[in-house]
Amino acid sequence: MLAKRIVPCLDVMNGKVVKGVQFVNLKIEGDPPELAADYEEQGADEVVFLDITASHEMRDTTLEMVQKTADMISIPFTVGGGIRNITDIQNALSSGADKVSVNTAAVNNPKLVEESAAIFGSQCIVVAIDAKRVYVTEDLPDKTVVDTPKGKCWWEIYLMGGRKPTGLDALQWAKTVKELGAGELLPTSMDCDGVQCGYDLELTRAMSKITNLPIIASGGAGNLEHIYEVLTVGDADAALAASIFHRSQYSVGDVKKYLADKGVPMRLV
Amino acid sequence: MTIPNVAVVNYGVGNLRSISKGLEKSGANVVITHDPKQLLESDAIVLPGVGAFAPAIKNMLPITDVVAQALNNGKPIFGICLGLQLLFTKSSEGGSTDGLDFISGEVVKLPNTMKTPQMGWNTIDFAKSHPLLDGVKDHSYVYFVHSFYPQPADPNVVVTTTDYGVKFASMVAQKNLFATQFHPEKSSKTGLTMLRNFIQIVKR
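Protein chains in written order, with this note's numbering: chain U, 317 to 585; chain D, 133 to 336.
Encoded structure:
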């Protein structure tokens, strides 16, 4: 049986792993290769390296750090942040990434998803979607409105690490990128990221249902129950988290043991 | 042969660094190549698991004879993911494309009742014992990323099976030919054990 995945995320700025609350107040937490190797040892199923330095380009220094990190681990490795074009994707893959995550560049140029999937294969194209709830009182003709315990809402896409609202519908976008060839989706809830109030379960569940693609849920993990919820009720295939692992609040092993005890299929090491 | 030379076939796209590093950690010298001469001189050939079926087959055309010759000469060959699929008679990926036909059988799409690609860690169930599995426990987790799977004509080539909406052959072996649908180089300690076993086979 396919196991659910626990995916620690390294938010990397100027070569150091950092973590902030809702994308601000960043604090340094360690070196990417060491942290990645430690996570593999703890039983991480995958590691995501998100370069938050360069929202404009994949710099050589970043690629060097990607390479050092990739060489330390034997589990899948996704690189995102600053991926703008096919060359950036090729460079990240040549440096040892198995998948790349595209966000802003895909929204600005959807053809990038189509072209990169055709060249490198859908399996290595992850589309990251930063989304925030917009509550409404009634259904809207041009938005995918979902009933949630807090009321009806749709999800708006944000760009530039959460700073720029777009007016675009995240669920419709998810469907579009699937058709363009995306192999996996990484929705981040901007309502909860860094403040640890739990993942947005309705967002991940709706996205999973609409696309039938593997979903890596991100944004909001504060405790073990949150992770359990998103992998069960939230229908996510993988849970990404940063703070709760970096601060050694829980080890990856603790999380997986807890989930396995509650009946979630897990690879235990 | 203290340190065997392993040639990793370069189809021109994707990440070949992980498999190369994995083989190096397992005790091999690695050359990433598309050159017939380097393939002939190598002690073993690895067909890696990146890209799509039709472009990879096309890319392999100039070296197909050399790889076939190596196979007939008893040189160990290891196919990973797409590299496994290329070994079969044909694939239904992107219509119908002929493969290398080293192993009889067809590569078909995973059932559409399941999320595709299958992405993540799934278990392998041993169908028989094999030197590649030395030190690996039955039902171990390994990492898969694929939308197609092989259907070997001869059940005797099946070494392990995996369930994903369908029970399929996740590792096959036929004489000096070995292949996995999963990625040993991405399967942490379990996968590295298999790569080390492969290098031990190459050294014999």
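Yeah, the Cβ is synthetic: ideal placement off N, Cα and C, and Gly gets one too.
A quick note: this is a predicted structure, and the numbers were derived from the prediction, not measured.
Nearest-angstrom Cα separation, counted from D/Leu232 out to U/Gln338: Its pLDDT being 48, under 50, U/Gln338 is placed unreliably by the model, and the measurement read from it follows with that caveat. Computed Cα separation, rounded: 52 Å.
CB-CB length for U/Asp551 against U/Arg521, believed under 8 Å: 4 Å
Backbone secondary structure at U/Met329 - three-state DSSP: strand
Counterpart residues of D/Val291 in DSSP-defined beta bridges: Partner(s): none; D/Val291 has no beta bridge.
Chain U within 9 Å of D/Asn204, Cβ atoms only: no
Run of the beta strand (DSSP E) containing D/Thr312, from where it starts to where it stops: 309-312
Local Cβ density within 10 Å of D/Thr312, reported as buried at 16 or more and exposed below that: buried
Beta-carbon spacing of U/Gly497, D/Gly183 below 9 Å: no
D/Glu238 - DSSP class collapsed to helix/strand/coil: strand
D/Ile189: first and last residue of the uninterrupted alpha helix (DSSP H) it sits in: For D/Ile189, the enclosing alpha helix (DSSP H) starts and ends at 185-192.
C-beta neighbour in chain D for U/Phe361, strict 9 Å: Looking at the sequence shown, residue 361 of chain U is not Phe but Asp. Yes, its Cβ sits closer than 9 Å to a Cβ of chain D.
Endpoints, alpha helix (DSSP H) assigned at U/Ile587: The question about residue 587 of chain U has no answer here: the residues shown for chain U are numbered 317 through 585.
Where D/His278 falls: helix, strand or coil (DSSP): strand
Cutoff 7 Å; reference U/His542; Cβ partners in own chain excluding five residues on either side: In its chain, beyond the 5 residues on either side, Gly514, Tyr515, Gly536 have a beta carbon closer than 7 Å to the beta carbon of U/His542.
CB contact check: U/Asp354 to chain D, cutoff 9 Å: no
Residue range of the alpha helix (DSSP H) that includes D/Val334: Segment 320-335, the alpha helix (DSSP H) holding D/Val334.
Chain D contacts from the stretch 487-505 of chain U (Cβ-Cβ distance under 9 Å): Listed in sequence order: Gly499, Glu500.
Bridge partners - D/Met251, DSSP secondary structure assignment: Its beta-bridge partners are D/Val277.
Closer than 7 Å at the beta carbon, the chain U residues around D/Met303: Within chain U, not a single residue places a beta-carbon under 7 Å from that of D/Met303; the smallest gap is close to 17 Å.
contact_flag[the stretch 271-285 of chain D, the stretch 189-200 of chain D] where n(CB pairs < 8 Å) is 3 or more: No contact exists between the stretch 271-285 of chain D and the stretch 189-200 of chain D.
Where U/Thr460 falls, given that 16 or more other Cβ within 10 Å makes a residue buried: buried
Nonlocal neighbours in the same chain, by C-beta distance under 6 Å from D/Asn191, ignoring five residues either side: Tyr143, Gly144
Against chain D: residues of the stretch 388-422 of chain U by CB proximity under 9 Å: Ile389, Ser390, Ile391, Pro392, Phe393, Gln406, Ala408, Leu409, Ser410, Ser411, Gly412, Ala413, Asp414, Lys415
Residue(s) in a DSSP beta bridge with U/Lys343: U/Lys335
Nearest neighbour of U/Gln560, chosen from U/Ile532, U/Lys335, U/Met329, U/Lys491 [CA to CA]: Correcting the residue type first, residue 560 of chain U is Ile in the shown sequence and not Gln. The candidate whose alpha carbon is nearest that of U/Ile560 is U/Lys335.
Beta-ladder partner(s) of D/Leu179, from DSSP: D/Gly211
Residue range of the alpha helix (DSSP H) that includes D/Ala200: 196-204
DSSP-derived helix/strand/coil call for D/Lys168: In the sequence as presented, Lys is not what sits at residue 168 of chain D; that position holds Pro. Reduced to three states, the DSSP call for D/Pro168 is helix.
Those residues which DSSP pairs with U/Thr504 across a bridge: U/Asp446, U/Ser534
is_contact[U/Lys427, chain C] using C-beta, thresh 9 Å: No chain C is present in this structure, whose protein chains are U and D.
Partners in chain U for D/Tyr273, counting only beta-carbon separations shorter than 8 Å: Ala319, Arg583
Residues of the stretch 224-256 of chain D with Cβ closer than 9 Å to any Cβ of chain U, in chain order: Residues passing the 9 Å Cβ filter: Asn244, Met246, Lys247, Thr248, Pro249, Gln250, Met251, Gly252, Trp253, Asn254, Thr255.
Backbone secondary structure at U/Arg321 - three-state DSSP: strand
Bridge partners - U/Cys469, DSSP secondary structure assignment: U/Tyr451, U/Val462
Closer than 9 Å to chain U by CB, D/Arg149: Under the Cβ distance rule, D/Arg149 counts among the residues neighbouring chain U, one pair being separated by less than 9 Å.
Counted within 10 angstroms of its Cβ, other Cβ atoms place U/Ile344 as buried (16 or more) or exposed: exposed
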